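Numbering (this note's numbering), first residue to last: 131 to 589. Positions of the beta carbon are idealized from the N, C-alpha and C atoms, including for glycine. Values in this document were obtained by computation on a predicted structure and should not be read as measured data.
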Ligand code: NAD
Ligand code: UGA
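Printed below as a string of structure tokens:
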């Protein structure tokens, strides 16, 4: 196979695995290899139990793996063989030094650049798939051109907009594909080669080419604006609880304005996921770096409201359970940061659980997909908590049930049976407004939704 039809992706995570599975399935004329330093992860990609859960992913992988999709730890060979290299390594928030707590930690990113310099034997196109700060492509370009082999590289920004839980569908039917390139003859040619890949299944009018900086910044801004909508509606949910307005009604009325639109206005215990907070803080850092403190403060508030919402949820639990949860069993329904994924990174459930453990509550945690990750998340936490597969067992003898992830499974449970097995008075705190609150109240529960009046039998 010719090198320009040979794709390598460095980083076999939530983005690298699914994006490459989609490219391999849609582009029979390409060979796609996904490489990672994590041997366990690669072994899992080569097994029947993939390292991540995503609806539709295993079928997709099963159809193309071993034919035109390959997973390997041999990064050096992958680099040598490929003409096109996607980089989708993690870019977490820096925890040390200059910019700690806000800036992106680019060490994994830089290591891949250096590996490419070391192993490349000919010219290549290198694509930023990871979310990176503005001007990262420029840094990548400099590192790549520090090679002493006379090689030339084109660096392209092609951020990923898929959401977990709907990753495969998002990638198969994207709103847009964004491809940012350098404004040089060779840069434009490289963009065209990446456009060719996506044009196998994405209509041309949805493939957007920009300059590389606009592409990098658009990714951060898209995430910041999505998170901003959630913080906006969550801030109003607090006001609703004080005033008898109903957040679902407000969101519907506001969202029916076609200029505003209905999506991402669902009030919740808070947004989670590996990216919203990290990418907003990265944007905040960039604004500070470029001397724009007012702009930085504006965006930082989106994260602060999210922290406020998580804290407010826990305060509400403690206050309404007679100002103490010490020694009380509390059932946590859902640990994933959203439904249809096993991912728990930055999940509100982590923070809510920790605050409740500080209050000496005894937690039973259930989740259809996320218990392995939940165990890892709480491995160093002190206090009494257990992980239970069966929600009925999880709720038995508990004083309260918390809905922290909007799994449809939780909607289908028999809440009469659950109520009967619980201590009384029994509470439900629905952090996702998932359940039928009036029905639960009729059963006997004291029900606390987000952003609307509570239903309580307590006088
Ligand atoms: P992840 O942590 O799941 O995967 C990253 C992988 O990169 C890991 O398997 C790690 O072992 C590997 N890696 C790190 N350094 C390496 C190196 N030097 N060589 C080879 N492999 C290396 O991360 P993710 O969720 O896939 O995110 C990757 C990037 O994509 C991030 O920048 C993120 O912001 C962005 N992004 C994520 C999502 C999402 O939904 N998770 C969506 C859009 C964009
Ligand atoms: C988000 C973006 O939606 C993707 O476009 C982007 O590619 C990705 O981040 C990324 O860069 O990582 P993701 O975090 O996977 O995707 O999931 P979302 O559906 O955006 O949900 C994020 C969080 O917001 C979840 O905790 C979810 O429960 C919460 N949420 C979402 C709400 O509380 N209310 C809403 O109305 C929508």
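- Can residue 232 be considered in contact with the ligand UGA, in the sense that its beta carbon sits closer than 7 Å to one or more heavy atoms? Locating residue 232 in the chain shown gives position 102, counting from the first residue. Because no heavy atom of the ligand UGA lies under 7 Å away, the Cβ of residue 232 does not count as near it: no.
- List the endpoints of the continuous beta strand (DSSP E) containing residue 287. Stepping through the chain shown from its first residue, residue 287 is reached at position 157. Per DSSP, residue 287 belongs to the beta strand (DSSP E) from 283–287.
- Just tell me which of 579, 475, 516, 518 has its CA closest to the CA of residue 182. Reading the chain shown from its first residue, position 52 is the one you call residue 182. Comparing Cα positions, the closest option is 475.
- Message: So for residue 307, helix, strand or coil by DSSP?
- Response: Residue 307 sits at position 177 when you count from the first residue of the chain shown. Strand, per DSSP.
- Counting only runs that start and end within the region 543–571, where is the beta strand (DSSP E) found for 3 or more residues in a row? 557–560
- Message: Can you determine whether any heavy atom of the ligand NAD sits closer than 7 Å to the C-beta of residue 166, and answer yes or no?
- Response: Taking the chain shown and counting its residues from 1, the one referred to as residue 166 is at position 36. For the ligand NAD, at least one heavy atom lies less than 7 Å from the Cβ of residue 166.
- Message: Which residues does DSSP list as the beta-bridge partners of residue 163?
- Response: Stepping through the chain shown from its first residue, residue 163 is reached at position 33. Paired residues: 138, 200.
- Beta-carbon proximity of residue 495 to residue 509, cut-off 8 Å: Along the chain shown, read from residue 1 onward, the residue named residue 495 stands at position 365. Along the chain shown, read from residue 1 onward, the residue named residue 509 stands at position 379. No, the pair does not count as a contact, with Cβ atoms beyond the cut-off.
- Item | N- and C-terminal bounds of the alpha helix (DSSP H) containing residue 417 | The count along the chain shown starts at 1 and reaches residue 417 at position 287. Looking at the DSSP string, the run of the alpha helix (DSSP H) that includes residue 417 is 406–419.
- Message: At a threshold of 7 Å, does residue 294 count as lining the ligand SAM (C-beta to nearest heavy atom)?
- Response: For the ligand SAM, the structure offers nothing, since it holds only the ligand NAD and the ligand UGA.
- Close beta carbons around residue 417, own chain, < 8 Å, minus the five adjacent residues each side: As a working note, residue 417 is residue 287 in the chain shown. Excluding positions up to five away in sequence, the list reads 423, 425, 426, 429.
- Task: Kindly indicate which residue of 298, 260, 321 has the alpha-carbon position closest to the one of residue 284.
- Result: Translated into positions along the chain shown, residue 284 becomes position 154. Comparing Cα positions, the closest option is 321.
- Message: Considering Cα atoms alone, identify which of 191, 185, 186, 168 is closest to residue 177.
- Response: Looking up residue 177 in the chain shown gives position 47. Looking at the Cα atoms, 191 is the closest of the given residues.
- Query: Taking all protein chains shown into account, do 16 or more other C-beta atoms lie within 10 angstroms of the C-beta of residue 166, making it buried, or fewer, making it exposed?
  - Reply: Mapped onto the chain shown, residue 166 falls at position 36. Label assigned to residue 166: buried.
- Message: Quick check on residue 587: buried or exposed, where buried means 16 or more other Cβ atoms within 10 Å of its Cβ?
- Response: Numbered from 1 along the chain shown, position 457 holds the residue referred to as residue 587. So residue 587 ends up on the exposed side.
- Query: Applying the criterion that 16 or more other CB atoms from any shown protein chain within 10 Å of the CB defines a buried residue, is residue 367 buried or exposed?
  - Reply: On the chain shown, residue 367 is found 237 positions in, with the first residue counted as 1. It is buried - the Cβ of residue 367 has at least 16 other Cβ atoms within 10 Å.
- Message: Looking at the secondary structure, which residues open and close the beta strand (DSSP E) in which residue 494 lies?
- Response: Sequence index remark: in the chain shown, residue 494 carries index 364 (1-based). Unbroken beta strand (DSSP E) run through residue 494: 492–496.
- Task: Measure the CB-CB distance between residue 460 and residue 528 and report whether it falls below 8 Å.
- Result: For the purposes of this step, residue 460 is identified with residue 330 of the chain shown, where counting begins at 1. For the purposes of this step, residue 528 is identified with residue 398 of the chain shown, where counting begins at 1. Yes, the pair counts as a contact, with Cβ atoms nearer than the cut-off.
- Can you tell me where the beta strand (DSSP E) with residue 576 in it begins and where it stops? As a position in the chain shown, residue 576 is number 446, starting the count at 1. That run of the beta strand (DSSP E) goes 576–579.
- Query: At a cut-off of 7 Å, is residue 405 close to the ligand NAD when judged by its beta-carbon and the heavy atoms of the ligand?
  - Reply: Translated into the one-based positions of the chain shown, residue 405 becomes position 275. The answer is yes for residue 405.
- Quick one: is the Cβ of residue 556 within less than 7 Å of any heavy atom of the ligand NAD? Residue 556 sits at position 426 when you count from the first residue of the chain shown. No, the beta carbon of residue 556 sits no closer than 7 Å to any heavy atom of the ligand NAD.
- Task: Determine the burial state of residue 369: buried for a count of at least 16 other Cβ atoms within 10 Å of its Cβ, exposed for fewer.
- Result: For this step, residue 369 is matched to residue 239 along the chain shown. That one is exposed.
- Query: Can you check whether the CB of residue 478 is closer than 8 Å to the CB of residue 565?
  - Reply: Counted from its first residue, the chain shown places residue 565 at position 435. Counted from its first residue, the chain shown places residue 478 at position 348. No.
- Task: Whole angstroms is fine: what's the gap from residue 577's alpha carbon to residue 161's?
- Result: Indexing the chain shown from 1 puts residue 577 at position 447. Indexing the chain shown from 1 puts residue 161 at position 31. Whole-angstrom Cα-Cα distance: 54 Å.
- Just confirm the distance between the C-beta atoms of residue 298 and residue 187, as a whole number of angstroms; I'd bet it's less than 8 Å. Along the chain shown, one-based indexing puts residue 298 at 168. Along the chain shown, one-based indexing puts residue 187 at 57. With a Cβ gap of about 6 Å, residue 298 and residue 187 count as contacting.
- Item | Segments of 3+ residues assigned as beta strand (DSSP E) that fall wholly inside the region 298–361 | 307–311, 337–341
- Message: Checking 8 Å against the spacing of the C-beta atoms, do residue 87 and residue 209 come in under that value?
- Response: Missing from the structure shown is residue 87; the chain here goes from 131 to 589 and no further.
- Item | Reduced DSSP secondary structure (H/G/I, E/B, other) of residue 265 | For the purposes of this step, residue 265 is taken as the residue at position 135 of the chain shown. Correct three-state label for residue 265: coil.
- What number of angstroms, rounded off, separates the C-alpha of residue 490 from the C-alpha of residue 365? Counting from one through the chain shown, the residue named residue 490 turns up at place 360. Counting from one through the chain shown, the residue named residue 365 turns up at place 235. Taking the straight line from one Cα to the other gives about 28 Å.
- Whole-angstrom distance between residue 358 and residue 389, CA atom to CA atom: In the chain shown, residue 389 corresponds to position 259, counting from 1. In the chain shown, residue 358 corresponds to position 228, counting from 1. Taking the straight line from one Cα to the other gives about 16 Å.
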